[in-house]
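Read the structure below first, then the notes.
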Amino acid sequence: MKQQNYHLVSHALCPYVQRSIITLEEKNIAYIRTDIDLANKPAWFVPISPMGKVPILLVDETHTLFESTIICEYLDEVTPGSLHPVDSLEKAHHRAWIEFGSSILSEIARLYNAKTELDFKDLQAAIRNCFRQIEREMSGGAFFSGEKFHLIDAVYGPIFRYFEVFDTFTQWDTFVDLPKCILWRNALKQRPSVVTAVTQDYGKLLTGFLLERESYISQLINKQGRY
Ligand SMILES: N[C@@H](CCC(=O)N[C@@H](CS)C(=O)NCC(=O)O)C(=O)O
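Right, here's the structure in full:
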């Protein structure tokens with residue numbers, strides 16, 4: 584197999600970048616990572632990112648891939664073993680719930696941008712409801728479907744990570760009475776690939792990002808007065 588050169592154009596907080604890094608790590612693929620400032624995109628980034636977003640995977644500096652799901656599936660396909668189930672139906676089931684994970688990320692973005700307590704609480708309830716739905720799909724093992732780590736787990740690692748930070752500002756009951764989600768969250772938190780996907784100052788960086796939203800969550804952080 585020809586060894587390709589992989590260069591991931593990234594952002595320190597982006598959950599879609601994180602799922603790509605987790606896949607690279609899980610498949611033992613060598614890569615370099617360049618974080619960019621999305622508020623001040625470098626000139627070289629604009630022509631290589633058709634949608635103006637990260638992650639971008641440069642393959643041998645000749646091919647440019649975008650969209651995290653495509654990047655993860657490509658990386659999975661070109662390396663031995665697969666992080667997707669072999670059975671087509673099972674694989675489709677995983678892919679469907681990966682899409683669901685992306686929709687949770689949109690809800691999380693709406694949550695941290697919500698200006699009022701009412702909107703914030705509604706979004707909290709909507710997100711909890713998403714996890715209630717996932718709870719019904721899970722096997723009850725460490726990961727989404729048992730003890731083997733799949734691509735879907737690479738998607739939910741960065742989602743659960745938000746709650747590590749959110750939990751420090753307020754009382755969240757997102758996972759109360761959802762034992763399978765709690766088990767899953769804890770297993771992902773310890774998974775080396777998931778840990779590696781962000782730097783140690785992730786919590787601090789995310790808190791700074793949340794403060795800049797000037798939203799309800801910014802008020803909660805300010806009220807706590809820790810930052
Ligand atoms: N559907 C895309 C979503 C990627 C995405 O939304 N990335 C965000 C950062 S997390 C981005 O680059 N936004 C552009 C910007 O902020 O200008 C994927 O899966 O790769």
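Under the numbering used here, the letters of the sequence shown match residues 584 to 810, in that order. Think of the CB as a built atom: it goes at the ideal place given N, C-alpha and C, for glycine as much as any other residue. The model shown is predicted, which means the values in this text are computed figures rather than measured ones.
Figure out for me which residue from the options has the closest Cα to the Cα of residue i.
i, options, result
"VAL777", "GLY684, ASN588, PRO598", "PRO598"
"LYS879", "PHE649, LEU672, ALA613, THR606", "Outside the displayed span of the chain (584 to 810) sits residue 879, for which this structure offers no information."
"GLN765", "PHE727, THR652, HIS733", "Going by the sequence as given, residue 765 is Ile instead of Gln. With distances taken between Cα atoms, ILE765 lies closest to PHE727."
"TRP676", "ARG602, TYR695, LEU734", "One detail in the question is off: residue 676 reads as His in this sequence, not Trp. The option with the nearest alpha carbon to HIS676 is LEU734."
"ASN588", "LEU641, SER801, ARG693", "LEU641"
"LEU607", "THR779, PRO633, ARG796, SER801", "THR779"
"SER722", "VAL748, LEU761, THR751", "LEU761"
"LEU789", "VAL592, LEU591, HIS590, LEU596", "LEU596"
"ALA812", "GLU797, LYS806, ILE800, PHE732", "Nothing can be reported for residue 812, as the shown portion of the chain is limited to 584 through 810."
"PRO633", "SER798, THR647, TYR799, LEU621", "THR647"
"LYS763", "ILE717, GLN802, GLN773", "ILE717"
"LYS772", "LEU803, ASP736, TYR799, ILE639", "ASP736"
"GLU682", "THR652, GLN707, ASP705", "THR652"
"PRO625", "ARG602, GLN601, VAL592", "VAL592"
"PRO663", "GLN586, LYS674, GLU720", "GLN586"
"LEU803", "ARG693, ASP618, ASP750", "ASP750"
"ARG602", "LEU793, GLN707, LEU666", "LEU666"
What does residue i pair with, by DSSP beta-bridge criteria?
i, result
"ARG616", "LEU591"
"LEU648", "LEU640"
"GLY729", "PHE726"
Is any heavy atom in ligand 3 found nearer than 8 angstroms to the beta carbon of residue i?
i, result
"ARG678", "Judged by which ligands are present, ligand 3 is missing from the structure shown, whose ligands are ligand 1."
Could you tell me whether any Cβ in chain C is nearer than 9 angstroms to the Cβ of residue i?
i, result
"SER686", "Among the chains of the structure shown, chain C does not appear; only one protein chain is present."
Which parts of the region 662-726 are runs of the alpha helix (DSSP H), unbroken and 4 residues or longer, counting only runs that do not cross its ends? DSSP runs (the alpha helix (DSSP H)) wholly in the region 662-726: 671-696, 700-720.
If contact is defined by three or more beta carbon pairs under 8 angstroms, each pair taking one atom from either stretch, is the region 739-749 in contact with the region 696-703? Counting Cβ pairs under 8 angstroms, fewer than three are found: no touch.
Decide yes or no for the touch test of the region 780-795 against the region 756-763: beta carbon pairs closer than 8 angstroms, at least 3 of them. By the Cβ criterion, the region 780-795 is not in contact with the region 756-763, since fewer than three pairs of Cβ atoms, one from each stretch, lie closer than 8 angstroms.
Contact between the region 672-691 and the region 701-720: three or more CB pairs below 8 angstroms? Result yes; three or more Cβ-Cβ pairs closer than 8 angstroms.
Is the region 644-658 touching the region 606-618, taking contact as three or more C-beta pairs under 8 angstroms? Pairwise C-beta distances place the region 644-658 in contact with the region 606-618, as three or more of them are shorter than 8 angstroms.
Beta carbon shell of ligand 1 at less than 5 angstroms from a heavy atom: Every residue passing the under-5 angstroms Cβ criterion appears here: CYS597, TYR599, LEU621, LYS636, VAL637, GLU650, SER651.
For a minimum of 4 consecutive residues, which ranges assigned as the alpha helix (DSSP H) are wholly contained in the region 764-790? Entirely contained in the region 764-790, the alpha helix (DSSP H) runs reaching 4 residues are, in chain order, 775-779.
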